[in-house]
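Report on the structure given below.
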Amino acid sequence: MSIMSYNGGAVMAMRGKDCVAIASDRRFGVQAQMVTTDFQKIFPMGDRLYIGLAGLATDVQTVSQRLKFRLNLYELKEGRQIKPKTFMSMVSNLLYERRFGPYYIEPVIAGLDPKTFEPFICSLDLIGCPMVTEDFVVSGTCAEQMYGMCESLWEPDMERQAFEMTCPVSRIIEFDRMSTTVDSKWDSKGIISKDGRCGNNTASSKSMI
Amino acid sequence: RDTGGVAWARAGRTSRKRLHGAVKMATLSVCQAPCGGFSFDYCRRNVLLEAELAKLERSVPAARKTGTTICGVVYKDGVVLGADTRATEGMVVADKNCSKIHYISPNIYCCGAGTAADTEMTTQIISSNLELHSLSTGRLPRVATANRMLKQMLFRYQGYIGAALVLGGVDCLGPHLYSIYPHGSTDKLPYVTMGSGSLAAMAVFEDRYKPDMEEEEAKQLVRDAIAAGIFNDLGSGSNIDVCVITKGKVDYLRPHDEPNKKGTRAGSYRYKQGTTGILTKAVTPLDLEVVEETVQTMDTS
């Protein structure tokens, strides 16, 4: 049992053919007591760039706000949208500054390069160690269940339609298992592809604790 | 100071007294531009949080560690560095193919074991400082300089930065290999291993190391040492990366060997459209920027 499961929460991102998807649950609770079912954990950081934050709710909000502040300064200075890989370095730097008193969050980043539209996903640990993968990234309370589902369901170069099903299905299935993320809506903030983003697919899972 | 001042002025004369403490603190904390270096703001809060949650039998989340087997060997013309590619987070493999051989300078590379974020950031900091130093001296940097910079930084933090490194490179004085421990001690040796799989790798080295080996022999030795770590240590796994540094060039072989390739799946587990009920769907079309415009004229006469 860790501080990460005090508020609960899970985020994941998957990479497909010319698109990425990011999804999270929407529960905000204090240990077993649920407080609200519409808590935002995925934040847009650009047209085609999203960051999902799992962990202690107060740090989720603080980090997303401080990150947006730094990102705004960057965009004003550079006059363009940030690339996902650069954004990952920015998040890593923000988290490593607090190496000896960290934020209790584990971010997941998903997006497309603003010019080449190349898909990009990555995750970081709570002190900012970046990990870029070719397939999927998971973080949060039911990480182990998510690893299992993603390993079995993910295939390379999945087309957008197939993607729309795989991401949600793997979320719902592991939600059924975890008491700190159960019985809440899950929210897929994006199948992000170059011509548009398909957002806010909410499906409700009525499962029992 | 500035943001506090603005809030003060906007508030007006009558409410200045009331706002003295509260508003100043709130505006200061959010709108501060990053100023570099470590920030110890949250240490007090985290200690209290951990104490509170220890009462409820909860623990601190684990930072990603690189369980690891890393090693290096000096051969006739240079240095060969080797590393596995597994990063763990507690008992789960977080990254199956992470890169543990970090760039320091064109002629110096460093393998890192221990806390993954620490090895990543420490090598990046020293790499930047070494480049500035090299521009200042006008010379290719020396391995001893990188070693001195690393050990002085790690000693300053008394081992709290958990980075165990194998530093190797070739400079004007020949090939050099150092091992650097998290507390700041270093050893200059012809062959070194670090990480949780270091004993397995050292066993292979002690058996087959000879001075002045050929390149292929040295690469094979490093590959076998890392393989021993991968197969006998739970904290190491996946592929073997090798970096061969000689006087004029660097060969970064990633991956050099893949002894743990994932098997092919027997069936397909795709779900049909409509398996998951969708409550709401909002599609936002995005504008595509015109990046390049070319005009092709056609002769239609």
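Those protein sequences? They're chains G and S, same order as listed.
Quick note on the numbering used here: the first sequence kicks off at 4 and runs consecutively.
Quick note on the numbering used here: the second sequence kicks off at 4 and runs consecutively.
Positions of the beta carbon are idealized from the N, C-alpha and C atoms, including for glycine.
Owing to the predicted nature of the structure, the values given are computational and were not obtained by experimental measurement.
Please state whether DSSP places residue i in a helix, a strand or coil.
i, result
"residue 241 of chain G", "The structure shown does not extend to residue 241 of chain G, since chain G is modelled only from 4 to 212, so the question has no answer here."
"residue 239 of chain S", "coil"
"residue 89 of chain S", "coil"
"residue 216 of chain S", "coil"
"residue 187 of chain G", "For residue 187 of chain G, the predicted structure reports a pLDDT of 40, less than 50, and the residue's modelled location is therefore unreliable. A value from the coordinates is still provided. Three-state result, residue 187 of chain G: coil."
"residue 136 of chain S", "helix"
"residue 5 of chain G", "strand"
"residue 287 of chain S", "strand"
"residue 282 of chain S", "coil"
"residue 175 of chain S", "coil"
"residue 77 of chain S", "strand"
"residue 113 of chain G", "strand"
"residue 192 of chain S", "coil"
"residue 164 of chain S", "coil"
"residue 225 of chain S", "helix"
"residue 298 of chain S", "coil"
"residue 205 of chain S", "helix"
"residue 46 of chain S", "helix"
"residue 293 of chain S", "coil"
"residue 211 of chain S", "helix"
"residue 66 of chain S", "coil"
"residue 143 of chain S", "coil"
"residue 72 of chain S", "coil"
"residue 102 of chain S", "coil"
"residue 304 of chain S", "coil"
"residue 232 of chain S", "helix"
Let me see if you follow: with CB-CB separation under 7 Å, is residue i close to chain S or not?
i, result
"residue 134 of chain G", "yes"
"residue 102 of chain G", "yes"
"residue 19 of chain G", "no"
"residue 155 of chain G", "yes"
"residue 130 of chain G", "yes"
"residue 6 of chain G", "yes"
"residue 50 of chain G", "yes"
"residue 53 of chain G", "no"
Counting only C-beta atoms, is residue i closer than 7 Å to chain G at any point?
i, result
"residue 119 of chain S", "yes"
"residue 123 of chain S", "yes"
"residue 87 of chain S", "no"
"residue 42 of chain S", "yes"
"residue 46 of chain S", "yes"
"residue 67 of chain S", "yes"
"residue 56 of chain S", "yes"
"residue 244 of chain S", "no"
"residue 237 of chain S", "no"
"residue 289 of chain S", "yes"
"residue 49 of chain S", "yes"
"residue 98 of chain S", "yes"
"residue 272 of chain S", "yes"
"residue 296 of chain S", "no"
"residue 9 of chain S", "Any reading at residue 9 of chain S must be qualified, since the residue scores a pLDDT of 36, below 50, and its modelled position is unreliable; the value itself is stated next. So no, residue 9 of chain S is outside the interface."
Count the other C-beta atoms from every protein chain shown that fall within 10 angstroms of the C-beta of residue i, then say buried if there are 16 or more, exposed otherwise.
i, result
"residue 266 of chain S", "exposed"
"residue 272 of chain S", "exposed"
"residue 75 of chain G", "exposed"
"residue 97 of chain G", "buried"
"residue 99 of chain G", "buried"
"residue 143 of chain G", "buried"
"residue 163 of chain S", "exposed"
"residue 197 of chain S", "buried"
"residue 306 of chain S", "The requested residue 306 of chain S is not part of the displayed model; chain S covers only 4 to 304."
"residue 43 of chain S", "exposed"
"residue 94 of chain S", "exposed"
"residue 160 of chain G", "exposed"
"residue 276 of chain S", "exposed"
"residue 56 of chain G", "buried"
"residue 26 of chain G", "buried"
"residue 87 of chain G", "buried"
"residue 304 of chain S", "exposed"
"residue 76 of chain S", "buried"
Going by the C-beta, is residue i closer than 6 Å to any heavy atom of the ligand ATP?
i, result
"residue 293 of chain S", "The ligand ATP is not part of the structure shown, which contains no ligands of any sort."
*Can you give, in chain order, each stretch of the alpha helix (DSSP H) that sits fully within the region 115–168 of chain G and has at least 4 residues?*
Every alpha helix (DSSP H) stretch that sits fully inside the region 115–168 of chain G and reaches 4 residues is listed by chain position as 146–156.
*Mind listing which residues of the region 61–94 of chain G have their C-beta closer than 8 Å to chain S's C-betas, in chain order?*
68, 69, 72, 73, 76
*Which full runs of the beta strand (DSSP E) of 3+ residues lie inside the region 20–105 of chain G, going along the chain?*
DSSP runs (the beta strand (DSSP E)) wholly in the region 20–105 of chain G: 22–28, 31–33, 36–39, 45–49, 52–58.
_Chain-ordered residues of the region 12–46 of chain G with a beta carbon less than 9 Å from chain S_ = Taken in chain order, the members of the region 12–46 of chain G whose beta-carbon sits within less than 9 Å of a beta-carbon on chain S are 34.
*For the region 248–278 of chain S, list the beta strand (DSSP E) runs that are entirely contained and at least 3 residues long, ordered along the chain.*
Fully enclosed beta strand (DSSP E) runs of no fewer than 3 residues occupy 253–260 of the region 248–278 of chain S, in order along the chain.
*With 7 Å as the C-beta to C-beta threshold (strictly closer), list the residues of the region 154–170 of chain S near chain G in chain order.*
163
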